[in-house]
Amino acid sequence: MVGRHSKKARGQSRRHARKPSVWSEIRGYLLTVIAVMLVVLLGRTFVFNVYVIPSRSMEDTLQIGDRVFASRLTPKLFALHRGDIIVFKDPADWMEGEQLPTNLMSIIDSNRYLIKRVIGLPGDTVACKGSGEPITVNGKPIDESAYLKSGVNPSDSPFSVTVTDGNNGQVPYDDIQGVALFRFWPFTRIGMLN
1 MVGRHSKKAR GQSRRHARKP SVWSEIRGYL LTVIAVMLVV LLGRTFVFNV YVIPSRSMED
61 TLQIGDRVFA SRLTPKLFAL HRGDIIVFKD PADWMEGEQL PTNLMSIIDS NRYLIKRVIG
121 LPGDTVACKG SGEPITVNGK PIDESAYLKS GVNPSDSPFS VTVTDGNNGQ VPYDDIQGVA
181 LFRFWPFTRI GMLN
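If you use UniProt numbering, the sequence shown closes out at 194, no skipped numbers anywhere.
Below, the structure is given as structure tokens:
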């Protein structure tokens with residue numbers, strides 16, 4: 001009999017439990033939304049950012065309208081490597097008049113960004129002897145076939161940039177915003193970038 005009374009007593013205590021007020025439910029939802037926004041803000045500030053690609057300069061790897069996640073941990077915590085695709089602040093208005101990759105938060109962030117592949121690292125010597133000649137890194141030609149559309153000669157590429165800023169195309173580490181790692185749009189081209 002004791003068991004019945006305790007079950008009955010528990011049932012009565014559940015029935016008499018207070019229902020949360022509408023205000024406490026609203027407060028709970030607001031706290032959840034604020035927590036999610038805080039996590040996203042911290043993530044975007046320290047871990048990743050999202051960029052939209054508006055130009056053809058990285059075809060076939062990236063196309064107009066692609067959206068990519070870029071890790072902000074590289075080069076701050078992890079080393080850059082040749083072949084990495086980096087997003088960086090346009091250091092000397094290299095692409096004046098061109099549409100540039102936009103940060104989805106461009107309403108807040110007015111910086112202009114470029115997205116390019118790393119071919120040389122600090123201490124490397126990058127050279128090109130002229131039109132039709134291969135680009136060399138430390139005296140060794142790089143394989144451009146993996147990066148250029150078939151039939152396009154690097155010197156004839158409509159995507160080429162002539163850099164006259166005195167830095168010969170070098171990008172200061174402080175201008176690097178991150179390494180593009182993953183394309184999440186369009187869904188037909190979703191996947192890791194390498």
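Every residue gets a Cβ at the ideal spot worked out from N, C-alpha and C, and that includes glycine.
Can you tell me where the alpha helix (DSSP H) holding residue i begins and where it ends?
{"i": "G43", "result": "22–46"}
Span of the beta strand (DSSP E) holding residue i?
{"i": "Q177", "result": "176–185"}
{"i": "I86", "result": "85–89"}
{"i": "L114", "result": "113–117"}
{"i": "A127", "result": "126–128"}
Whose C-beta lies closer than 6 Å to the C-beta of residue i among residues of the same chain, with five residues either side of it excluded?
{"i": "G130", "result": "none"}
{"i": "G120", "result": "V126, V137"}
{"i": "G134", "result": "The identity of residue 134 in the sequence shown is Pro, whereas the question assumes Gly. Only P141 meet the Cβ criterion."}
So for residue i, helix, strand or coil by DSSP?
{"i": "S145", "result": "helix"}
{"i": "T61", "result": "coil"}
{"i": "T136", "result": "strand"}
{"i": "R67", "result": "strand"}
Report all residues from its chain with a CB closer than 8 Å to the CB of residue i; omit the five preceding and five following residues, and keep chain order.
{"i": "T164", "result": "Only weak support exists for where T164 lies, its pLDDT of 45 falling under 50; the coordinates are left without a value."}
Nearest to residue i by CA position, among the options, is which residue?
{"i": "M192", "options": "D66, V118, W23, L41", "result": "D66"}
{"i": "R72", "options": "A180, T188, F184", "result": "A180"}
{"i": "R82", "options": "R27, L41, T188, R117", "result": "R117"}
{"i": "A70", "options": "T32, V50, T188", "result": "V50"}
{"i": "V52", "options": "I64, I86, D90", "result": "I64"}
For residue i, count neighbouring C-beta atoms within 10 Å of its own C-beta (all shown protein chains included) and say buried if the count is 16 or more, exposed if not.
{"i": "A79", "result": "exposed"}
{"i": "V47", "result": "exposed"}
{"i": "L62", "result": "buried"}
{"i": "M58", "result": "buried"}
{"i": "D84", "result": "buried"}
{"i": "N194", "result": "exposed"}
Suppose the cutoff is 7 Å on Cβ atoms and the five residues either side in sequence are ignored; what does the same chain contact list for residue i look like?
{"i": "F88", "result": "Y113, L114, V171, D175, I176, Q177"}
{"i": "P75", "result": "Y173, I176"}
{"i": "I190", "result": "R183, F184"}
Given the structure, does residue i come close to the ligand COA, in the sense that its CB is under 7 Å from one of the ligand's heavy atoms?
{"i": "R82", "result": "Summarising the ligand content, the structure contains no ligands, and the ligand COA is consequently not present."}
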